[in-house]
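If you're matching them up, the sequences are chains F and H in order.
Heads up: the first sequence begins at 0 in numbering that gives the first Met the number 0, then just goes up one per residue.
Heads up: the second sequence begins at 0 in numbering that gives the first Met the number 0, then just goes up one per residue.
From the three backbone atoms N, C-alpha and C, an ideal C-beta is built for every residue, glycine too.
Quick caveat, the model's predicted, so the values are computed rather than measured.
Since the structure comes first, as structure tokens, the remarks are kept for the end.
Number of protein chains: 2
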Amino acid sequence: MRGRRAAVAVILAGGEGRRFWPVSTPEVPKQFLRLFGNRSLLQETVERLKGLIPEDRILVATSENHAATILCHLPALPAENIITEPMPRNTAAGAALSALHIRRRFGDVPVAVLPSDHWIGDPAGFRTALGRALSHCRTFAGLITFGVRPTRPETGYGYIEVGPEAENGFHRVVRFIEKPGPEEARMLSASGAHLWNTGMFVWRNEVFLSELRTHQPAMARAFSALFPQLGSEEYPRRLRDTFQRLEPVSLDHGVMERSRNLRVLPVDFEWDDVGSWAALARHLEPDRDGNIVLGEGAVVVGCRNCVVYSQGQTVGVVAARDLVVAAAKSGILVAPLERSGDIKGMLDALGAARRPQRKQGPPSPTGAASGGCR
Amino acid sequence: MRGRRAAVAVILAGGEGRRFWPVSTPEVPKQFLRLFGNRSLLQETVERLKGLIPEDRILVATSENHAATILCHLPALPAENIITEPMPRNTAAGAALSALHIRRRFGDVPVAVLPSDHWIGDPAGFRTALGRALSHCRTFAGLITFGVRPTRPETGYGYIEVGPEAENGFHRVVRFIEKPGPEEARMLSASGAHLWNTGMFVWRNEVFLSELRTHQPAMARAFSALFPQLGSEEYPRRLRDTFQRLEPVSLDHGVMERSRNLRVLPVDFEWDDVGSWAALARHLEPDRDGNIVLGEGAVVVGCRNCVVYSQGQTVGVVAARDLVVAAAKSGILVAPLERSGDIKGMLDALGAARRPQRKQGPPSPTGAASGGCR
């Protein structure tokens with residue numbers, strides 16, 4: 000697959016770091032955390048592509064203030080492969096901007112668009128599936144997504160209703176289903192016809208740009224106008240102007256759900272979007288009481304099924320059940336494990352309560368580096 | 000009651016600060032905390048005696064390293080009224096040492112021995128009861144204790160089985176009962192014949208010393224030998240030698256439970272030994288969801304009946320029930336409120352886990368002062 004038409008990967012690393020608070024923060028979002036071992040989720044994402052896409056063909060779309068941390072995590076990445084977004088405008092903008100750079104540098108190649116902060120239990124299985132999709136998009140002029148067979152009635156994921164097989168294991172998509180309530184999640188996860196929407200996509204670069212023109216014409220026009228500026232002195236200013244005027248929209252809502260040229264590849268590898276602390280309980284080995292205790296200085300006594308995380312803080316948890324307790328420099332979170340994904344309201348309340356102390360503007364490089372590259 | 004025979008109070012302030020961890024610590028034990036308002040529990044204890052015992056007749060028995068903090072909390076206290084214990088030997092030793100100083104400075108006066116870290120809801124009622132006991136001990140040659148009528152099946156207190164009335168509302172004591180299990184606590188608290196043992200005592204000084212000779216002869220001999228040294232240059236060294244050889248024993252176990260000359264005064268004022276975080280939930284006004292949130296930086300969302308304490312740390316608690324979350328410089332505690340008294344095992348485990356970082360020796364004066372006198 001090497002040569003002019005070899006595939007390119009775009010890793011979307013623009014996460015805002017609210018899901019894993021207090022360990023993740025706007026300065027050190029989730030993709031920089033080493034939640035499952037010695038590598039950060041971002042490093043794992045690149046590692047998983049080994050043998051399929053070399054690092055010089057991996058682009059990382061991220062915000063300006065994370066560029067240094069990205070290079071610190073990925074020292075072999077060419078600096079020009081970091082596609083910086085001047086302000087957050089959600090995933091469609093990141094993918095569209097990356098597509099411009101790909102057009103200029105690589106041409107109409109197969110592209111894999113991948114989140115930077117997911118967990119995958121079977122990297123070989125993932126590579127096989129991704130390889131199949133990258134091959135398929137050479138002949139299929141549409142957008143390909145990956146659907147994971149549900150293993151639990153998860154309310155934190157969107158679902159894809161699978162249609163009949165179209166080609167070679169690739170299926171039509173009947174519809175995308177938003178994150179369901181508990182009742183609907185039970186139904187969807189048991190139906191056999193619904194898969195988890197992984198947010199991983201494959202397409203040919205020009206096919207994506209064409210779909211973008213159809214479903215996000217304003218965004219497509221803005222980026223078309225930006226294309227001739229790539230590499231020019233004017234580029235940073237024009238990029239900022241372009242982003243300033245964009246409506247934020249996700250790839251899912253803005254493009255995938257509107258497209259009529261879709262395929263889903265049902266896959267069997269274990270996958271998790273690591274959307275809350277409960278994910279740690281799913282993928283790390285608990286002690287015999289079901290507890291997962293991470294970091295120095297944490298002690299649990301008489302607890303069951305708790306996740307306790309400490310960044311050096313002394314933490315004592317007594318007689319608790321099904322609880323997450325996470326302590327970091329930014330703060331302390333305590334919540335039932337099954338509710339650990341519902342912390343947005345609390346973070347808003349904290350933000351309001353602590354407005355005067357809230358950190359504004361770009362973070363100190365030390366903060367980002369120490370969070371990411373220790 | 001003034002003059003030669005006016006009463007003296009001994010406040011026992013030797014607490015080790017484990018019950019209210021992480022806010023209380025060996026350096027800043029519970030008596031120095033301002034849990035219920037602007038005054039520390041120690042300051043409240045002295046304040047409650049106003050009009051009954053003047054500050055120059057209040058002795059405070061404490062460890063050497065807390066003397067400065069005591070004076071910081073009680074600036075009107077004469078420095079010589081601090082009776083320092085060179086090492087912890089439990090409450091009998093503190094009371095016995097104080098009795099020597101009282102004999103020398105005040106003679107055979109009525110003495111009230113009071114914990115430094117309890118909560119009392121009705122200070123006037125307390126003063127009335129204490130005044131009655133201080134009067135009664137002028138004629139009754141025995142040990143007087145106060146029994147509070149139980150209002151719940153508390154397992155954290157000892158109980159006193161009340162006998163028939165002996166004189167003027169003062170009753171005989173049938174027996175002392177150790178902290179009961181839940182079943183026994185339900186029985187005791189409903190019987191009508193059992194009172195909570197408050198650990199507050201009244202006696203004439205020489206009566207106590209006589210009871211000490213009977214029930215703790217070794218301790219009594221050791222202190223008798225020390226008596227001539229009071230005020231001498233030799234005193235500190237001899238005091239240390241004496242304490243080194245003492246067997247630690249509490250006033251309750253070592254003297255009260257062995258004595259045959261006992262009275263209990265049933266009292267009705269609200270009293271709490273503030274033995275765990277659950278005490279805050281009993282005596283502070285909760286919000287409409289039953290939560291008590293103390294300190295800057297703590298936010299609760301969707302919680303019920305939680306106590307959340309922060310010393311400036313950012314704390315977010317989501318969807319929790321009946322939980323205490325306490326954050327301080329020393330660490331973070333998470334436990335069900337009803338189990339918040341059972342943290343000893345966890346502290347031992349933490350101590351073992353963190354041995355290398357454990358603070359040894361006397362604390363920094365800043366630490367003690369800032370914890371006590373801010």
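Residue environment, residue i, which counts as buried when at least 16 other CB atoms sit within 10 Å
i: GLN243(H); result: exposed
i: ARG103(H); result: exposed
i: GLU233(F); result: exposed
i: GLU79(F); result: exposed
i: PRO361(F); result: Because PRO361(F) sits at a pLDDT of 31, beneath the cut-off of 50, its placement in the model cannot be relied upon, and the following sentence gives the value as read from the coordinates. It is exposed - the Cβ of PRO361(F) has fewer than 16 other Cβ atoms within 10 Å.
i: MET186(F); result: exposed
i: GLY253(F); result: buried
i: ARG236(F); result: exposed
Inter-residue CB distance, residue i and residue j (contact presumed, cutoff 8 Å)
i: VAL112(F); j: ALA95(F); result: Incorrect: roughly 11 Å between the Cβ atoms, too far for contact.
i: VAL307(H); j: ASN290(H); result: 7 Å
i: ALA377(H); j: ARG262(H); result: Because chain H in this structure spans residues 0 to 373, residue 377(H) falls outside the shown range and cannot be described.
i: ILE52(H); j: VAL7(H); result: 7 Å
i: TRP195(H); j: VAL161(H); result: About 11 Å separates the two Cβ atoms, so there is no contact after all.
i: VAL9(H); j: SER115(H); result: Not quite, the Cβ-Cβ distance comes to about 10 Å (not below 8 Å), so this is no contact.
i: THR61(H); j: GLY16(H); result: Incorrect: roughly 12 Å between the Cβ atoms, too far for contact.
i: LEU229(H); j: LEU99(H); result: 6 Å
i: ASP251(H); j: GLY157(H); result: 7 Å
i: ALA219(H); j: VAL108(H); result: About 19 Å; that fails the 8 Å criterion.
i: ASN167(H); j: HIS135(H); result: 7 Å
i: ALA325(H); j: PRO21(H); result: 6 Å
Below-8 Å beta-carbon distance, residue i vs any chain H residue
i: ALA326(F); result: yes
i: LEU211(F); result: no
i: ALA66(F); result: no
i: ILE57(F); result: no
i: VAL306(F); result: no
i: PRO285(F); result: no
i: VAL266(F); result: no
i: GLY330(F); result: yes
i: ALA224(F); result: no
i: ALA319(F); result: yes
i: ILE101(F); result: no
i: GLY349(F); result: Residue identity differs from the one stated: residue 349(F) is Leu in this sequence, not Gly. Answer yes: the Cβ-Cβ gap between LEU349(F) and chain H drops below 8 Å somewhere.
Cα-Cα separation, residue i to residue j
i: PRO122(F); j: GLU54(F); result: 17 Å
i: ALA184(F); j: GLY155(F); result: 9 Å
i: SER188(F); j: THR197(F); result: 14 Å
i: ALA334(F); j: PRO87(F); result: 28 Å
i: VAL298(H); j: VAL314(F); result: 19 Å
i: THR127(H); j: SER329(F); result: 50 Å
i: GLY120(H); j: LEU211(H); result: 32 Å
i: GLU84(H); j: TRP118(F); result: 58 Å
i: ASN204(H); j: ALA348(F); result: 57 Å
i: HIS282(F); j: ASN64(F); result: 30 Å
i: ARG259(F); j: PHE35(F); result: 38 Å
i: GLY50(F); j: ARG56(F); result: 12 Å
i: ILE385(H); j: SER339(H); result: For chain H, the structure presents residues 0 to 373; residue 385(H) sits outside this window and is missing.
i: SER39(F); j: PRO74(F); result: 13 Å
i: ILE342(H); j: PRO216(H); result: 35 Å
i: LEU208(F); j: VAL173(F); result: 23 Å
i: ALA351(F); j: VAL45(H); result: 40 Å
i: GLY296(F); j: GLY344(H); result: 15 Å
i: ARG239(F); j: ASN89(F); result: 15 Å
i: THR144(F); j: PRO265(F); result: 9 Å
Any non-hydrogen atom of the ligand FAD closer than 7 Å to residue i Cβ
i: SER223(H); result: Among the components of this structure there are no ligands whatsoever, and the ligand FAD is therefore not found.
Minimum Cβ-Cβ distance from residue i to chain F less than 8 Å
i: THR313(H); result: yes
i: PRO77(H); result: no
i: PRO25(H); result: no
i: ASN290(H); result: no
i: ALA91(H); result: no
i: LEU51(H); result: no
i: ALA219(H); result: no
i: VAL273(H); result: no
i: LEU208(H); result: no
Any chain C beta carbon closer than 8 Å to residue i
i: MET345(H); result: Looking at the structure shown, chain C is missing, and the protein chains on hand are F and H.
Query raised in the report: Quick check: the region 20 to 31 of chain F against the region 121 to 137 of chain F, are there 3 or more CB pairs under 8 Å?
Result: no
Query raised in the report: Is the region 212 to 232 of chain H touching the region 173 to 187 of chain H in the sense that three or more CB pairs, one from each, lie closer than 8 Å?
Result: no
**Report entry** At least 3 beta-carbon pairs within less than 8 Å: the region 266 to 280 of chain H vs the region 291 to 299 of chain F
**Finding:** no
Query raised in the report: Is there contact between the region 334 to 346 of chain H and the region 317 to 327 of chain F, where contact requires at least three CB pairs shorter than 8 Å?
Result: yes
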